[in-house]
Amino acid sequence: MTASHNRKRITDQDTELIEAINAGRGDRFPELLKRYEEKLYNFGLRMCGDVRDAEDLVQDTFLNVFKYLKDFRFETKFKNWLYRVATSTCIKKRRKSKFAPEHEISLDDFIPAESEQVAQEAPGWARMPLEQLLNEELAVQLKEAILSLPEKYRLVVVLRDLEGFSTAETAHILNLQPSNVKVRLHRARLFLRDQLKGYFEQ
Amino acid sequence: MSDKDHDHGHCLEMFRKLSEYIDGELDQLCCEELEKHLADCPACKICMMTLKQTVNLCREVKDNPVPEGFSHKMAVFIEELQVKKDAPLPTKPAKKL
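Spelled out as structure tokens, the structure:
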């Protein structure tokens, strides 16, 4: 028996639809598009920051899904497989945001200096309830901060904190070790925190 | 961290684990150690609170609707793919003998 036969089959809310499409009901493919079009568009927008690029990402991803859905083996949730296709499409096209030069983020940049004078209380924004804090201006600031992250960090924080994938799922989507996902996520979050701190302290 | 009696090295060790702590991914022992440290160290506590609020804000980012007309464009795109897929292959001209 081969290794692929031993893998557990994962079923989810998309299984029935995918089985039907692969069994010849190509007319049901638009249902799949409808389920994920908006999610993928927003993923594209977060990664590229541009409406046209986000639209292209959805189109190119679904072109690949159309071509390769017959090879889907139900070894992962369909959504995770879809994001793997989308991420790979995104990376291949090297759609770098004009705001985002590629560079490493070092943890050292965020470590407070030993001699630093430290406040005794967290700043107001860190103690406020989210519903009081959130507004359109802050949402724009946060999106711009995310777009200014180098791509490899942006991918991780978008998948983990905005799209809601777990560490293990993100590792699978990006073909990384979970430990690498954690390292990149921590650095990306510290970067975003510094950007927000700058905004609130203005 | 301006406190001279405070072990900066321990702060750095805890600092590296803050995201895992926020995500509930630390084992019980590490979690207890970090919580004990946070109770004693205002600098790390502030660091944790600002980082946690950053994560909370990211999780609250709302989805935008797709632009008007985009769904229709995509539906047409998929329809065209299907037509191409279902179209009979062009017949090869017979080889001349």
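Protein chains in written order, with the working numbering: chain A, 1 to 202; chain B, 1 to 97. By construction, the Cβ of each residue, glycine as well, lies at the ideal position given by its N, Cα and C atoms.
Judged by pairs of C-beta atoms under 8 Å, the stretch 138-158 of chain A touches the stretch 189-197 of chain A, as three or more such pairs exist. Val58(A) is a Cβ neighbour of Tyr41(A), given a cutoff of 7 Å.
If you look at Ala39(B), you'll find it in the alpha helix (DSSP H) that goes Gln28 to Asp40.
Per the coordinates, the alpha-carbon of Pro30(A) lies some 12 Å from the alpha-carbon of Glu80(B). Nearest CB-CB separation between Glu60(B) and chain A: below the 7 Å threshold.
By the criterion of a C-beta distance shorter than 8 Å, Ala171(A) is surrounded in its chain by Gln177, Pro178, Asn180 and Val181, once the five residues flanking it on both sides are discounted.
Your pair Ala23(A) and Thr61(A) does not check out as a contact, with CB atoms roughly 23 Å apart and the cut at 8 Å. The criterion of a C-beta distance shorter than 7 Å is not satisfied by Glu60(B) and Leu142(A). At a cut-off of 7 Å between beta carbons, Leu51(B) contacts chain A. Straight-line spacing of the CA atoms in Gln82(B) and Gly26(A) works out to 7 Å. Collapsing the DSSP output to three states places Ala122(A) in coil. Between the alpha carbons of Leu69(A) and Ile18(A) lies a gap of roughly 8 Å. Asp27(B) has a beta carbon lying at 7 Å or more from every beta carbon in chain A. Cβ proximity to chain A below 9 Å picks out Asn56, Leu57, Cys58, Arg59, Glu60, Val61, Lys62, Asp63, Asn64, Pro65, Val66, Pro67, Phe70, Ser71, Lys73, Met74, Ala75, Phe77, Ile78, Glu79, Leu81, Gln82, Lys85 and Asp86 from the stretch 56-88 of chain B. At least 7 Å separates the beta-carbon of Cys58(B) from that of Leu45(A). At the C-beta level, Ile105(A) and Tyr36(A) stay beyond 7 Å of one another.
Chain B places no beta carbon closer than 7 Å to that of Pro150(A), leaving this residue out of the contacts. DSSP places Pro129(A) in no alpha helix (DSSP H); its state is neither H nor E. The stretch 9-21 of chain B makes contact with the stretch 38-57 of chain B; the number of CB pairs closer than 8 Å reaches 3 or more. Around the beta carbon of Glu169(A), 16 or more other beta carbons sit within 10 angstroms, so the residue counts as buried. In the three-state scheme derived from DSSP, where H, G and I count as helix and E and B as strand, Ile22(B) is classed as helix. Listed along chain B, the residues sitting closer than 8 Å to Gly26(A) by beta-carbon distance are Gln82, Lys85 and Asp86.
Pro123(A) and Asn80(A) have their C-alpha atoms some 37 Å from each other. With a cutoff of 7 Å on beta-carbon distance, Glu102(A) and Pro150(A) are scored as near each other. For Glu20(B), the residues of chain A that pass the 7 Å Cβ criterion are Lys182, in the order they occur in the chain. The beta carbons of Glu55(A) and Arg7(A) sit no closer together than 7 Å.
Boundaries of the alpha helix (DSSP H) harbouring Leu196(A): Pro178 to Phe200, taken from the DSSP string. Assignment of Arg7(A) by DSSP, reduced to helix, strand and coil, places it in the coil class. For the 7 Å CB-CB criterion, Gln53(B) and Ala145(A) do not form a contact. Here DSSP, grouped into helix, strand and coil, assigns Asn80(A) to helix. Closer than 7 Å to the CB of Leu130(A) there is at least one CB belonging to chain B. Comparing alpha carbon positions, the residue from Lys93(A), Phe66(A) and Ser166(A) closest to Lys85(B) is Phe66(A).
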